[in-house]
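Undergrad: Sending over a structure as structure tokens; questions will come in a sec.
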Amino acid sequence: MSETKISLGKDELDRRARDALKGLADLRAEGREPSPRDRLGLPVQDMPCQDGRERSRNMFEVAEGYGEAQARLEAERCLMCRNAPCVQGCPVRVDIPGFIAKIREGDFPTAARVIKRTNLLPSVCGRVCPQESQCQANCTVGKSLKSVDSAVQIGRLERWVADTERACGACDLPDVGSASGKRIAVVGSGPAGLTTAIDLRREGHEVVVYEAFQKAGGVMVYGIPEFRLPKSLVAMESSLLAEMGVRYELNFLVGRTRRLGALLAEDGFDAVFIGAGAGLPKFMEIPGENLVGVFSANEYLTRANLMKAYDRQRAATPIYPSRRVAVLGGGNVAMDSARMALRLGAEEVHVLYRRTREEMPARAEEVGHAMEEGIVFDFLTSPTRVIGDKDGRAEALEILSYALGEADASGRRSPVAIRGSERVEGFDTVIVAIGNESNPLLARTSPDLRIDRRGHILVDDKQKTSIDRVYAGGDIVLGAATVILAMGEGRRAAAAINELLA
Amino acid sequence: MTRIVSKRKLSDEVFRLEVEAPLVARERKAGQFVIVQADEDFGERIPLTIADADPARGSVVLVFQTVGASTHALASKSVGDPITLLGPLGNPTHIERFGRAVCVGGGIGLAPLHPIVGALKAAGNEVTVIAGARTRELLVMQDELAALADELIVVTDDGSAGRKALVTEPLKELCSAKPDIAVAIGPPIMMKFCAETTRPFGVKTLVSLNTIMIDGTGMCGGCRVAVGGETKFVCVDGPEFDGHLVDWDGMMSRLRSYKRQEEEAHHKCHLEEQIAGAAR
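Protein chains in written order, with the working numbering: chain A, 1 to 502; chain B, 1001 to 1280.
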């Protein structure tokens, strides 16, 4: 497990990689190409990271990124499988062997160009995609070495290519087709909306992206913390769209500032894509949840990220002063909340999760990072109520212990409460990170828009909704998913819209 | 990003800003609000109810009192300055021909009450307005309300204008004639006592809640409040609720979440104003 490994500094990792590359160069000097066997023998390149204790008190990025030697060595591990199973695992079908081959050749600008043919947000995806369950899960190298952890580190390479390109200051823009005279409104500027906007703009359509917040990026700016995804990168990648001619309308809530129907009927749009995101935070529905000091992860993270509450000198948005924090949930958002609370000055942060580490939906890497930083995991526990003081502020949780029962039909072992195991533990802050329900606003203001019983917009296999010329994708359709799945849906919707308007 | 079109200081602590927002001016209905931010990078997002709108001029009017750092930052803006504004948010007031309506506005709450009085009148209701404030200079929009209402009753805590009384006194007197609906907008404690006043008479009482919010679109849940034992989000389920069902004490304690930080910031703002004043 990653938290037990001794971590080396970035320079040392790169020095070791240089030595290994020299070995390969010597081989080639003898006129021999490394065999697949040689390649399988190359060491997986670890990601250099800031020291756990140090970073738990700063907002800088945790993962520092490969050096050039590490990137080139990791690229040498790829077997260039002809059927490229990794590409099948990528929701936006990045030409993975194609860009890795260019890294090997030392042609980094072309490597970036290959990625950007299908993915204009490589800095983001290289950082936050769950590669271990997508491209890297299919990697032949990982399969041969019998561990997904040994797969070619595609995500780290993607990030390195994007970061290297940005450092050179020469970012290529995709070509924009000649003006088609067609206009499309994109609702929401998160990963789904931006991907759709790019694909539509490539065809020469006029694209307007509507965003309710004051900044573009959706979950990439309000949700995912700075220490995992620097906001300057998101700003840079979303500004590329503006350079392509995509227009942003910020502080604009479709459904309220303008009805969905009016965009089509009165404002001259030929189609609309809805990528409005997940919406309403879920709460536990236990007593005391409205006490002061209880937050949704959305609120807590938005204060800290978008509103920059961590910058206490400059930001006007306050953040709650916490000493002992309980985070409820086991997903990536729970990890982000816990790690953010620590950085904002909490003395102790606990994650309460009803099952065990094996069942946690969070990425193993994020859980490992949280553990290294000193987050305490209380597995097999869940609160039954929040206890407040006389001023209505949370001061404790009543917590129940669980055991894992028999596996259900889906193979998942469900937690069973242990009767009489209630105990009370002091917490002044509680962050609820158990997911989101759909935002009802668009459906309420557009009665023809069909939704399922959980409020998600219903779409067909081309992402088309019940309303003609209106498409949807991302969390508003899927429920809480990932950046890359949202991008995949956006891509599919854009293809359908491009076909419709052709 | 939009712009401030006009600005007026109504009293030491109360400001009236007219902000360019053509779409909001066209779409907004009585009871809705906007979220404003004095500075896009570091400003706080705060909800303010719309006091008036002029679709022809393409502007909305916001009236607010300086209570913390963010309202001070807004008040320090000049005509032509950029400002961030999102809206209209929340559900419009349910307006119908109820018959006789009593509308109670306290202090700054008189501003959002104004469009509701207008809409109730337009629907054919007979409207009595009770306008209350701590003192004369905090009574805003008196002319506008007097022009709309069938009757305007003015009360102040200190007797500097109208009757020396709390708004609940004339409200109670009017309740004996059993009005068909009551609307109360003002500080939470005032709305709570208005609801307590009308409860024994069985007069349905609408209140408009102004809670802590970030996005105002349902995403943060910071605005949640218990209404009739159920958790509601003020931004998407409100901002108006049945005052007899609101958990006032819970709501008021949530409003005090950041009281300590706000007091420090407010104190700092006043010091800065004094220093700036002394320098002039």
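Ideal placement from N, C-alpha and C gives every residue a C-beta, glycine not left out. As the structure is a prediction and not an experimental result, all values here were calculated from the model.
On the CB-based measure, 16 or more other CB atoms within 10 Å of its CB, does Pro287(A) come out buried or exposed?
TA: So Pro287(A) counts as exposed.
Undergrad: Buried or exposed: Arg156(A), going by 16 or more other Cβ atoms within 10 Å of its Cβ?
TA: With 16 or more Cβ atoms within 10 Å of its Cβ, Arg156(A) is classed as buried.
Undergrad: Strictly under 8 Å for the Cβ-Cβ distance: is Thr1217(B) near chain D by that measure?
TA: No chain D appears in this structure, whose protein chains are A and B.
Undergrad: Should the stretch 62 to 70 of chain A be regarded as contacting the stretch 297 to 312 of chain A, the criterion being three or more beta carbon pairs within less than 8 Å?
TA: Cβ pair count under 8 Å is below three, so no.
Undergrad: Leaving out the 5 sequence neighbours to the left and right, which residues in its chain are closer than 7 Å to Gly9(A) when beta-carbon positions are compared?
TA: Pro48.
Undergrad: Output needed in chain order: residues of the stretch 379 to 410 of chain A with a Cβ under 8 Å from some Cβ in chain B.
TA: Answer in chain order: Asp391, Gly392, Arg393.
Undergrad: Measuring alpha carbon to alpha carbon, tell me which residue in Val1005(B), Ala1038(B), Ser1070(B) is nearest Glu1264(B).
TA: Comparing Cα positions, the closest option is Ser1070(B).
Undergrad: Tell me, please, whether the CB atom of Arg343(A) is closer than 8 Å to any CB atom in chain B?
TA: Cβ-Cβ to chain B under 8 Å: no for Arg343(A).
Undergrad: Can you tell which of Cys168(A), Glu158(A), Arg323(A) has its C-alpha closest to the C-alpha of Val114(A)?
TA: Taking only the C-alpha atoms, the option nearest Val114(A) is Glu158(A).
Undergrad: Rank Glu1040(B), Ser1176(B), Val1127(B), Glu1240(B) by C-alpha distance to the C-alpha of Asp1150(B) and give the top, closest one.
TA: Measuring from the Cα of Asp1150(B), the nearest candidate turns out to be Val1127(B).
Undergrad: Threshold first: 3 residues or longer. Then list the beta strand (DSSP E) segments lying entirely within the stretch 1046 to 1134 of chain B, N to C.
TA: Fully enclosed beta strand (DSSP E) runs of 3 or longer: 1046 to 1054, 1059 to 1065, 1082 to 1089, 1100 to 1106, 1126 to 1133.
Undergrad: Count Cβ pairs between the stretch 1212 to 1225 of chain B and the stretch 296 to 306 of chain A that sit closer than 8 Å; are there 3 or more?
TA: With a cut-off of 8 Å, the stretch 296 to 306 of chain A and the stretch 1212 to 1225 of chain B count as touching, because enough Cβ pairs lie within range.
Undergrad: By the 10 Å Cβ neighbour count, where 16 or more other Cβ atoms means buried, how is Gly223(A) classified, buried or exposed?
TA: Buried is the call here.
Undergrad: What alpha helix (DSSP H) runs, 4 residues minimum, are completely inside the stretch 308 to 354 of chain A?
TA: Here the runs fully enclosed are 332 to 343.
Undergrad: Taking Cβ positions, are Val1117(B) and Thr1084(B) nearer each other than 8 Å?
TA: No, the Cβ-Cβ distance between Val1117(B) and Thr1084(B) is not below 8 Å.
Undergrad: With 8 Å as the threshold, decide whether the Cβ of Gln1142(B) is near any Cβ in chain A.
TA: No, Gln1142(B) lies away from the interface with chain A (no Cβ there is under 8 Å from its Cβ).
Undergrad: Using beta-carbon positions only, say whether Gln50(A) and Gln153(A) come within less than 8 Å of one another.
TA: Going by C-beta atoms, Gln50(A) is not nearer than 8 Å to Gln153(A).
Undergrad: Residues of chain A with CB under 7 Å from Arg1224(B), in chain order?
TA: Ordered by position in chain A, the residues that pass the 7 Å Cβ test against Arg1224(B) are Asn290.
Undergrad: Using a Cβ-Cβ distance under 8 Å, would Tyr320(A) count as near chain B?
TA: Yes, contact with chain B.
Undergrad: Quick one: using the 10 Å Cβ neighbour count with 16 as the cut-off for buried, is Gly426(A) buried or exposed?
TA: Answer is exposed; the Cβ neighbour count stays below 16.
Undergrad: Since Phe1064(B) meets chain A, which of its residues come closer than 8 Å, beta carbon to beta carbon?
TA: Simply none; closest approach about 15 Å.
Undergrad: Could you tell me which chain B residues have their CB closer than 7 Å to the CB of Met340(A), listed as they occur along the chain?
TA: Neighbours of Met340(A) on chain B: none; closest Cβ ~15 Å, over 7 Å.
Undergrad: Give a yes or no on whether 8 Å exceeds the smallest Cβ distance from Gly279(A) to chain B.
TA: Yes - at least one Cβ of chain B is within 8 Å of the one on Gly279(A).
Undergrad: Thinking Glu398(A) and Arg385(A) are a contact (beta carbons under 8 Å), I'd like their distance in whole angstroms, please.
TA: Yes, they are in contact, since the Cβ atoms of Glu398(A) and Arg385(A) sit about 5 Å apart, within 8 Å.
Undergrad: Go through its chain and collect everything with a Cβ distance to Arg1243(B)'s Cβ below 7 Å, but skip five positions before and after it.
TA: It should be noted that the sequence gives Gly, not Arg, for residue 1243(B). Once the five neighbours on either side are set aside, the close Cβ partners of Gly1243(B) are Ala1184, Met1191, Cys1194, Ala1195, Thr1205, Leu1206, Val1207.
Undergrad: Apply the 10 Å Cβ neighbour rule to Gln88(A) and answer buried if 16 or more other Cβ atoms are within range, or exposed otherwise.
TA: Looking at its Cβ environment, which holds fewer than 16 other Cβ atoms inside 10 Å, Gln88(A) is exposed.
Undergrad: If you reduce the DSSP assignment to three classes, tell me which class Val234(A) lands in.
TA: Helix at Val234(A).
Undergrad: By how many angstroms is the C-alpha of Ala1021(B) removed from the C-alpha of Trp160(A)?
TA: Answer to the nearest angstrom: the Cα atoms are 43 Å apart.
Undergrad: Among Leu380(A), Ala297(A), Arg354(A), Phe379(A), which residue has its Cα nearest to the Cα of Arg339(A)?
TA: If we check each option's Cα against that of Arg339(A), Ala297(A) comes out closest.
Undergrad: Quick one: which residues of the stretch 1163 to 1192 of chain B get their C-beta closer than 9 Å to a C-beta of chain A? List them in chain order.
TA: The residues in question: there are none.
Undergrad: Mind reading off the beta-carbon distance from Thr1211(B) to Arg1254(B)? Whole number of angstroms is fine, and I expect it under 8 Å.
TA: Thr1211(B) to Arg1254(B), Cβ: 7 Å. Contact.
Undergrad: Where does Val221(A) sit, in a helix, a strand or coil, going by DSSP?
TA: Val221(A) falls in the helix class under three-state DSSP.
Undergrad: Would you grab the beta carbon distance between Ala112(A) and Leu73(A) for me? Rounded to a whole angstrom, and I think it's under 8 Å.
TA: Their Cβ separation, rounded to whole angstroms, is 19 Å, which puts Ala112(A) and Leu73(A) out of contact at 8 Å.
Undergrad: Under a CB-based cut-off of 8 Å, is Ile1214(B) close to chain A?
TA: Cβ-Cβ to chain A under 8 Å: yes for Ile1214(B).
Undergrad: Taking Gly218(A) and Val430(A) to be in contact with their CB atoms under 8 Å, please state how far apart those CB atoms are, rounded to whole angstroms.
TA: The Cβ separation is near 25 Å, so there is no contact.
Undergrad: Just confirm the distance between the C-beta atoms of Ala433(A) and Ser337(A), as a whole number of angstroms; I'd bet it's less than 8 Å.
TA: So it is a contact: roughly 5 Å between Cβ atoms.
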